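K.L.:
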Amino acid sequence: GREDNTLVVTTSSGALDIKILARAAKLDPSVASAKLLHEQVPEQDVPLNIPKKTRVYVEQTKREREKASEMHRSFQRDLCKLRLSTARAYVKSITTGQGPIWSNNEASVIINANVFGLGPEFKLEFTLENNGMKALHNLRASITFTSKGLKLDKSQFSITTLLPTVQYSFIVNLRCTSSVNLENQQVKVLVSRQGSCVPILSAIVKL
931 GREDNTLVVT TSSGALDIKI LARAAKLDPS VASAKLLHEQ VPEQDVPLNI PKKTRVYVEQ
991 TKREREKASE MHRSFQRDLC KLRLSTARAY VKSITTGQGP IWSNNEASVI INANVFGLGP
1051 EFKLEFTLEN NGMKALHNLR ASITFTSKGL KLDKSQFSIT TLLPTVQYSF IVNLRCTSSV
1111 NLENQQVKVL VSRQGSCVPI LSAIVKL
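Residues 931 to 1137 in our numbering are what the sequence shown lists, from first letter to last.
Pasting the structure below:
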């Protein structure tokens, strides 16, 4: 049939959408406004309790208007300092092996470590994953701790090869041999290259 107030829409997927305006629809603005006022809730007529402007607020507003440029420059300067200090800390963590991620032009290694158990027997599990494009060879993993009340069944691991996209898991048994409080004790997993004492990445877990 024929309909004057009709909108036909063709979408990019090929679908056809037809919208028809009802013949009894009233588009008079006065009618719509009256209906909207009729539907308003009573709480809209209650005035808000807006506090009066204090002298401190007025002075602060005036200072912001007069020194807006100076305040903006100070904010930008502090923001640049924050970004610079963050970048320096990130570079330091990468170069000194204090972070859980290490990468170069060939490989990218991620370490993750967790401790399981309630004591006195614990299980330390750490994983290594190479997300790069090439394999990494001749690595060494060392486990250290500060407390004298812990005993490891193995503290050194020789890792000959880390293939790309393969996750390698290592498990070590820990035992508490004394009554020393281990709540704040930390166990470090350090990964370095063979023949080097400088770690390339590390992970720290708390007991």
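Where is the CB? At the ideal position from N, CA and C, for every residue including glycine.
Model, not experiment: these values are computed from the prediction.
Taking Cβ to Cβ, would you say arginine 1070 is nearer than 8 Å to serine 1088?
P.N.:
yes
K.L.:
In terms of residues, what are the limits of the beta strand (DSSP E) holding valine 1128?
P.N.:
Note, valine 1128: premise wrong, no beta strand (DSSP E); not H, not E.
K.L.:
Let me know if isoleucine 948 comes out buried or exposed under the rule of 16 or more other beta-carbons within 10 Å of its beta-carbon.
P.N.:
exposed
K.L.:
Judging by CA-CA distance, which residue of Arg993, Thr941, Ser1072 and Lys1064 is the nearest neighbour of leucine 1092?
P.N.:
Each of Arg993, Thr941, Ser1072 and Lys1064 was checked against the Cα of leucine 1092, and the nearest Cα belongs to Lys1064.
K.L.:
What are the boundary residues of the beta strand (DSSP E) that glutamine 1097 is part of?
P.N.:
Glutamine 1097 -> beta strand (DSSP E) spans 1097-1106.
K.L.:
For my contact list, isoleucine 1130 and tryptophan 1032 are in at a C-beta cut-off of 8 Å; report their separation, rounded to the angstrom.
P.N.:
4 Å
K.L.:
I'd like to check one pair, asparagine 1042 with phenylalanine 1056: are the Cβ atoms closer than 8 Å?
P.N.:
yes
K.L.:
With DSSP as the reference, label threonine 1091 as helix, strand or coil.
P.N.:
Strand at threonine 1091.
K.L.:
Quick test of your reading: glycine 1079 and serine 1108, contact by CB under 8 Å. State the CB separation rounded to the nearest angstrom.
P.N.:
4 Å
K.L.:
Taking the CB atoms as reference points, tell me whether glutamine 1115 and threonine 1076 lie closer together than 8 Å.
P.N.:
For glutamine 1115 and threonine 1076, yes; Cβs fall inside 8 Å.
K.L.:
CB valine 1096 to CB asparagine 1060, shorter than 8 Å?
P.N.:
yes
K.L.:
Do valine 1102 and leucine 1066 have their beta-carbon atoms positioned less than 8 Å apart in this structure?
P.N.:
Here leucine 1066 is not near valine 1102, since their CB atoms are 8 Å or more apart.
K.L.:
Based on Cα-Cα distance, which residue from Ser1132, Leu1137, Lys1136 and Ser1072 lies nearest to glycine 1125?
P.N.:
Ser1072
K.L.:
Taking the beta strand (DSSP E) that glutamate 1051 belongs to, which residues open and close that run?
P.N.:
1051-1060
K.L.:
Using the beta-carbon count (16 or more within 10 Å), is valine 1117 buried or exposed?
P.N.:
Per the 10 Å Cβ criterion, buried.
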